[in-house]
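Undergrad:
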Amino acid sequence: MLSKLKNKIIFIYSLKYIFLILFFILLNYKLSFSDENLCKDHKKLNSETEIGCYEKRVIGVLLLYDSEIKLDKEWIKNINLRFEEINKFYYKNFKIEWRVDSFQKFEFDKNIDNLSSLFSMHKEEISSLTDNLKAEVVLGLIDRDIKGIGIASTFSNVLMVVDPFKLENFNSSVVIAHELGHLFGAWHTQRKNDFMLFSGANKLLGSNESNAILKLMRNYNFKPSTIINDETILKRISRLYNRHHAKGEIDPVARLLTDEGKNLYHNKQYNAAIKMLKRSNKYYGRWGKTRMILSKSYYENNLLEDSFTEYTRAVFFGSKPDKHHEKKLEKKFIDLQKIDPTISNPFNINN
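Quick note, the sequence shown lines up with residues 11 to 361 if you use this note's numbering.
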């Protein structure tokens with residue numbers, strides 16, 4: 011009897027020690043991974059802790075310089091200085107480092123006197139230059155007299171900057187950092203000290219909205235095809251945009267979808283273009299560019315009334331009238347009336 015009681019006591023004490031050992035093992039495990047758990051718990055994160063949770067990202071840059079530029083020691087020195095300033099901001103806030111991997115001379119069209127048109131002309135060609143390089147992004151550098159300071163296409167891998175002074179001052183860093191922000195989907199704001207300020211920033215500081223979109227998209231690979239069908243991420247981007255943006259600023263998701271719709275239209279995939287452009291309108295329906303391309307896509311599919319409706323909306327929302335498209339569309343209605351006089355021609359107000 012005593013022997014059985016003794017064995018029970020020994021068993022109870024053994025269990026007690028086993029539970030204590032397990033408790034300390036679990037406690038040690040929890041402490042060991044406390045930083046990891048904190049990184050996963052967004053509610054407990056402050057800005058500095060959040061940045062510490064990121065892995066460093068190095069993004070290669072191909073610097074494409076105008077054939078008129080002599081890339082001398084002064085240019086190289088200033089480029090390095092500017093990227094030091096840019097990286098100080100991007101690394102502190104997003105743990106991103108931009109690294110100029112290579113330089114390449116490029117023949118930009120000399121007959122174009124504004125940056126927007128120059129960008130549109132060369133963007134597709136320039137974008138493909140990274141295909142066989144480590145670089146993910148292309149920075150085009152122009153130093154001649156041309157209208158414009160900087161430009162980038164939302165969610166693309168291309169930006170251009172005009173600087174006739176060899177990137178010799180800090181303002182050039184702000185311009186480049188601003189345009190790089192657009193590659194992640196960042197939009198113009200009205201925040202005074204924001205590097206995405208619509209009227210021209212002069213400081214490398216980020217607003218809550220600009221920081222939020224950069225943090226959300228910091229791992230984006232600059233390939234629109236990887237996000238264009240991800241409605242979850244697109245809706246998150248659009249919600250951030252709707253919190254605050256500059257007056258008249260277009261939703262970056264609408265820009266993304268309209269750019270893709272335009273590509274589909276040029277590739278004569280009209281049904282797909284219509285579908286994509288209608289998606290764009292759901293995010294931002296007041297952009298004349300989207301409406302104009304949609305009108306042309308409807309025209310190619312012989313949906314003439316829809317084409318006319320979208321054309322009038324495009325002009326109403328600020329798109330420049332396309333007289334060539336307008337005449338083609340009007341002629342279609344005239345030709346149809348010859349076949350069937352009961353068909354109404356919306357171009358004829360007396361109809």
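Ideal Cβ positions, reconstructed from N, Cα and C, are used throughout, including at glycine. Note that this is a predicted model, so its numbers are computed, not measured.
(1) For the stretch 132-157, list the beta strand (DSSP E) runs that are entirely contained and at least 3 residues long, ordered along the chain.
(2) Give the DSSP-derived three-state secondary structure of M302 in the structure shown.
(3) Considering just the uninterrupted stretch of the alpha helix (DSSP H) at I96, what are its terminal residues?
(4) Is the Cβ-Cβ distance between S317 and L339 less than 9 Å?
(5) Hey, quick one: how far does the beta strand (DSSP E) through D269 stretch, first residue to last?
(6) Using three-state DSSP, classify A162 as helix, strand or coil.
(7) How would you write the range of the alpha helix (DSSP H) that R323 sits in, first residue to last?
(8) Could you give the residue range of the alpha helix (DSSP H) that holds D345?
(9) Using CA coordinates, which residue listed in L151, L128 and K306 is at the minimum distance from L72?
(10) Using beta-carbon positions only, say whether I156 and E189 come within less than 9 Å of one another.
(11) Sorted by chain position, which residues of the same chain lie with C-beta nearer than 6 Å to A283's C-beta, five sequence neighbours on each side aside?
(12) Reducing DSSP to helix, strand and coil, say where G70 ends up.
(13) Near N355, which residues of its chain fall below 7 Å by C-beta distance, leaving aside the five closest residues on each side in sequence?
(14) Residues in its own chain within less than 7 Å of S290 by CB, not counting five upstream and five downstream?
(15) From this set, F129, S112, L215 and F113, which residue's C-alpha is nearest K120's C-alpha?
(16) Using the rule of at least 16 other Cβ atoms within 10 Å of the residue's Cβ for burial, across every protein chain shown, is K133 buried or exposed?
(17) Near T164, which residues of its chain fall below 7 Å by C-beta distance, leaving aside the five closest residues on each side in sequence?
(18) For A222 and W108, what's the separation of their Cα atoms in angstroms?
(19) Scan the stretch 230-265 and note each continuous alpha helix (DSSP H) run of 4 residues or more that stays entirely inside, going in chain order.
(20) Let me check understanding here. Comparing Cα to Cα, which of G210, L81 and F327 lies closest to G258?
(21) Following the continuous alpha helix (DSSP H) through L169, name the residue where it begins and the one where it ends.
(22) Would the beta-carbon of N97 fall within 9 Å of that of I106?
(23) How big is the Cα-Cα spacing for L214 and A187?
(24) Within a Cβ cutoff of 6 Å, which residues of the same chain sit near S220, ignoring the five residues on either side of it in sequence?
(25) Determine the DSSP secondary structure at F113, reduced to helix, strand or coil.
(26) If I measure Cβ to Cβ from R228 and keep anything under 8 Å in the same chain, skipping five residues before and after, which residues do I get?
(27) Does the Cβ of T140 have 16 or more other Cβ atoms within 10 Å, making it buried, or fewer, making it exposed?
(28) Helix, strand or coil for N181, going by three-state DSSP, please let me know.
(29) Using a Cβ-Cβ cutoff of less than 8 Å, which residues in the same chain neighbour P174 once the five nearest sequence positions on both sides are dropped?
(30) Judging by CA-CA distance, which residue of E315, T319, N358 and S305 is the nearest neighbour of H335?
(31) What number of angstroms, rounded off, separates the C-alpha of S138 from the C-alpha of I69?
(32) Where do the ends of the alpha helix (DSSP H) carrying L287 lie?
(33) So which of G158, S126, L169 and N124 has the shortest CA-CA distance to E146?
(34) Tell me which same chain residues have a C-beta within less than 8 Å of the C-beta of Y293, skipping the five on either side of it?
(35) State the Cα-Cα distance for the pair G216 and H198, rounded to the nearest angstrom.
(36) What does the alpha-carbon distance come out to for the pair V184 and R296?
TA: The structure says:
(1) 147-152
(2) In the sequence shown, residue 302 corresponds to position 292, counting from 1. M302 falls in the helix class under three-state DSSP.
(3) Counting from 1 along the sequence shown, the entry for residue 96 is found at position 86. Residues K83 to F104.
(4) Residue 317 sits at position 307 when you count from the first residue of the sequence shown. Residue 339 sits at position 329 when you count from the first residue of the sequence shown. The answer is yes: Cβ separation under 9 Å.
(5) Residue 269 sits at position 259 when you count from the first residue of the sequence shown. D269 -> not in any beta strand (DSSP E); alpha helix (DSSP H) instead, spanning P262 to H276.
(6) The residue you call residue 162 lines up with position 152 of the sequence shown. If DSSP states are grouped into helix, strand and coil, A162 belongs with the strands.
(7) For the purposes of this step, residue 323 is taken as residue 313 along the sequence shown, with counting starting at 1. R323 -> alpha helix (DSSP H) spans L314 to F326.
(8) Indexing the sequence shown from 1 puts residue 345 at position 335. Per DSSP, D345 belongs to the alpha helix (DSSP H) from K333 to I349.
(9) Position 62 of the sequence shown holds residue 72. It is L151 whose Cα lies nearest to the Cα of L72.
(10) On the sequence shown, residue 156 is found 146 positions in, with the first residue counted as 1. On the sequence shown, residue 189 is found 179 positions in, with the first residue counted as 1. No. Outside cutoff.
(11) By one-based count along the sequence shown, residue 283 stands at place 273. Here the set comprises G271, L274, Y275 and S307.
(12) Taking the sequence shown and counting its residues from 1, the one referred to as residue 70 is at position 60. G70 falls in the strand class under three-state DSSP.
(13) Your numbering for residue 355 matches position 345 in the sequence shown. Within the same chain, N355 has close Cβ partners F343, I344, Q347 and N361.
(14) Working through the sequence shown from its first residue, we reach residue 290 at position 280. Contacts found: A264, L267, T268, G271 and T300.
(15) Mapped onto the sequence shown, residue 120 falls at position 110. Nearest option by C-alpha distance: F129.
(16) One-based indexing of the sequence shown puts residue 133 at position 123. It counts as buried.
(17) Position 154 of the sequence shown, counting from 1, holds the residue named residue 164. The answer, listed in chain order, is H192, G195, P262, R265 and L266.
(18) Along the sequence shown, one-based indexing puts residue 222 at 212. Along the sequence shown, one-based indexing puts residue 108 at 98. Approximately 19 Å between the Cα atoms of the pair.
(19) 241-253
(20) The residue you call residue 258 lines up with position 248 of the sequence shown. For G258, the nearest C-alpha among the options comes from F327.
(21) Here residue 169 refers to the residue found at position 159 when the sequence shown is read from its first residue. Not the alpha helix (DSSP H): L169 falls in the beta strand (DSSP E), residues V168 to V172.
(22) The residue labelled residue 97 in the question sits at position 87 within the sequence shown. The residue labelled residue 106 in the question sits at position 96 within the sequence shown. Yes, they are a contact pair.
(23) Taking the first residue of the sequence shown as position 1, residue 214 is located at position 204. Taking the first residue of the sequence shown as position 1, residue 187 is located at position 177. So the alpha carbons of these two residues sit roughly 8 Å apart.
(24) The residue given as residue 220 occupies position 210 in the sequence shown. A196, D204 and M206.
(25) The residue you call residue 113 lines up with position 103 of the sequence shown. DSSP places F113 in strand when its eight states are reduced to three.
(26) Sequence index remark: in the sequence shown, residue 228 carries index 218 (1-based). Excluding sequence neighbours, R228 sits near Y64, R67, F104, K105, I106 and F194.
(27) Indexing the sequence shown from 1 puts residue 140 at position 130. By the 10 Å Cβ count, T140 comes out buried.
(28) As a first step, residue 181 must be located in the sequence shown, where it is residue number 171. Of the three classes helix, strand and coil, the one that applies to N181 here is helix, per DSSP.
(29) By one-based count along the sequence shown, residue 174 stands at place 164. Once the five neighbours on either side are set aside, the close Cβ partners of P174 are D153, R154 and D155.
(30) Translated into positions along the sequence shown, residue 335 becomes position 325. Looking at the Cα atoms, S305 is the closest of the given residues.
(31) Working through the sequence shown from its first residue, we reach residue 138 at position 128. Working through the sequence shown from its first residue, we reach residue 69 at position 59. Computed Cα separation, rounded: 16 Å.
(32) Counted from its first residue, the sequence shown places residue 287 at position 277. Segment Y280 to Y293, the alpha helix (DSSP H) holding L287.
(33) As a position in the sequence shown, residue 146 is number 136, starting the count at 1. Ranking G158, S126, L169 and N124 by Cα distance to E146 puts L169 first.
(34) For the purposes of this step, residue 293 is identified with residue 283 of the sequence shown, where counting begins at 1. Answer for Y293: L244, S248, D261, V263, A264 and L267, listed in chain order.
(35) Against the sequence shown, residue 216 aligns to sequence position 206. Against the sequence shown, residue 198 aligns to sequence position 188. Their Cα atoms are separated by approximately 12 Å.
(36) Taking the sequence shown and counting its residues from 1, one reaches residue 184 at position 174. Taking the sequence shown and counting its residues from 1, one reaches residue 296 at position 286. Rounded to the nearest angstrom, the two C-alpha atoms are 30 Å apart.
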